[in-house]
Every structure is written in C-alpha cells, then in structure tokens.
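A.B. asks:
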Amino acid sequence: MDETADEALMARIADGDRVAFGTLVSRHLDRAVRTAQRLLGDRGEAEDVAQDAFLRVWQHADRWRPEGGRFTTWLYRVVVNAAIDRLRKPRTAPIEDVAEPEDERPNAFRTLHQAEVARSVRGAVGELPERQRTALTLCHYEGLGNIEAAEVMGITVGALESLLIRAKRHLRERLQPLMADLVEDGHDA
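Per my numbering, numbering through the sequence shown is continuous, rising by one, with the last residue being 257.
1) With distances taken between CB atoms, is the gap from Cys207 to Ala217 smaller than 7 Å?
2) Indicate whether the contact test is met: 3 or more Cβ pairs, each with one atom in the region 141–155 and one in the region 187–196, closer than 8 Å.
3) Suppose you measure from the CA of Gln127 to the CA of Ala104; what does that come to, to the nearest Å?
4) Can you tell me the Cα-Cα spacing of Pro134 and Glu75, whole angstroms?
5) Measuring alpha carbon to alpha carbon, tell me which of Arg99, Ala100, Ile81 ends up nearest Thr91.
6) Suppose you measure from the CA of Leu155 to the CA of Leu180; what does that come to, to the nearest Å?
7) Where does Ala36 land, buried or exposed, given buried means 16+ other C-beta within 10 angstroms?
8) Round the Cβ separation of Ala203 and Leu232 to the nearest angstrom and send it over; I've been treating them as touching at under 8 Å.
9) What does the Cβ neighbour count give for Leu123, buried or exposed, with the cut at 16 atoms within 10 Å?
10) Exposed or buried, what is Gln244 when buried is set at 16 or more other beta-carbons lying within 10 Å of its beta-carbon?
11) Should Ala129 go down as buried or exposed, given a rule of 16 or more other Cβ atoms within 10 Å for buried?
12) Tell me which residue opens and which closes the alpha helix (DSSP H) that Ala114 is part of.
13) Can you say whether Met78 is buried or exposed, counting buried as having 16 or more other CB atoms within 10 angstroms of its CB?
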C-alpha cells in the first residue's frame with residue numbers, strides 16, 4: 069500500500085476534504101475493525117471503536133505529522149487505545165436483560181384496604197365505652213404496661229384486664245364481617 073498516498077490524503081483531510089476522508093476510511097476500516105475485534109472479542113463493539121478512531125482522524129487530521137511516523141501506525145495506536153479504554157469501562161447489560169425492579173409501594177388494592185381497615189378500626193374503637201377505650205388506648209396505642217395503665221386510670225390491674233378483654237371482644241365482633249370479606253376475596257387479613 070502506498071504510504072505516500074495516506075500522507076497526501078491526510079493533508080487533504082486537514083483541509084476538510086471529505087472525499088479524501090472517505091478514501092482513507094475505505095482503505096483502512098476493515099483492518100481497524102479486525103484489530104479492535106481481536107482486542108474486544110465483540111464485532112459490534114469493534115465497529116464502534118473503529119468509528120470513534122476515524123472520527124478522531126477527521127477531527128485531528130491537522131495535528132498529524134508525517135515525520136512522527138506512518139499514518140497506519142498512528143491510526144492503530146488510536147484504535148488500540150480506544151479498545152483498551154472500552155475494556156476498562158464498566159460494562160452495562162442490555163436493557164432487555166435487566167430485571168424490572170419491583171415497585172415497593174403498596175398496590176392500589178392494598179392502599180384502599182389499609183384505609184378501609186383503619187377507618188373501620190377507628191369507628192369500632194370510637195364505639196367502645198370510655199373506660200374500655202381508655203384502657204385500650206393506654207395499653208395498645210401508647211404501649212403502657214398493665215400496671216402503669218391501671219395506675220393512670222386509678223383502677224386495679226384486674227379491672228384493667230377486664231376492660232381490655234371486653235374491648236377486644238367488642239372489636240373482634242364488630243370487625244369480624246370485614247375480616248370474613250377479606251378471607252372470601254382471598255386477600256391477607
């Protein structure tokens with residue numbers, strides 16, 4: 069291959085001659101792709117590297133000097149460096165191979181269900197007699213122990229436990245239809 073022709077083409081490319089660039093690409097593209105493919109092991113990646121290398125040839129043609137070495141030496145240095153850069157870059161999986169992330173937010177049914185259950189529980193607790201509601205609130209919502217809740221209410225621990233038993237029984241009876249509907253629908257209660 070006539071290296072002088074490559075030098076002459078590079079001089080014309082530096083002046084913006086697209087025809088000269090096309091000739092140079094036609095002359096060296098296959099070897100650039102093969103070189104990159106041997107380094108990368110992937111034809112598609114190799115074609116991308118060769119394309120990047122020729123883009124650099126076009127962009128930096130005015131910087132190339134024949135006294136620095138043959139054009140092909142410079143071109144293959146660009147191809148090898150681009151291939152090595154690509155190898156060092158973290159690889160990403162094709163979008164088709166990436167698993168769809170699970171949406172951790174509750175689905176619409178669960179959100180509506182939770183709102184309905186909360187509304188039903190608030191309604192059922194609101195129907196409790198005041199002392200049962202107070203005992204339930206102190207023990208289950210505020211986290212007080214039976215002894216402390218009994219002291220707050222000014223009653224014995226036995227009386228507090230009796231209030232809690234009656235409150236739980238009322239809530240179970242009141243909320244049972246809601247729970248039965250959920251079991252029939254096949255949803256978690």
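From the three backbone atoms N, C-alpha and C, an ideal C-beta is built for every residue, glycine too.
C.D. replies: Checking against the coordinates, here is how it stands:
1) yes
2) no
3) 20 Å
4) 7 Å
5) Nearest C-alpha to Thr91: Ile81.
6) Pairing Leu155 with Leu180, the inter-Cα distance amounts to about 50 Å.
7) Look at the range of the chain in this structure, 69 to 257, and you will see that residue 36 is not part of it.
8) 5 Å
9) Classification for Leu123: exposed.
10) exposed
11) buried
12) 111–128
13) buried
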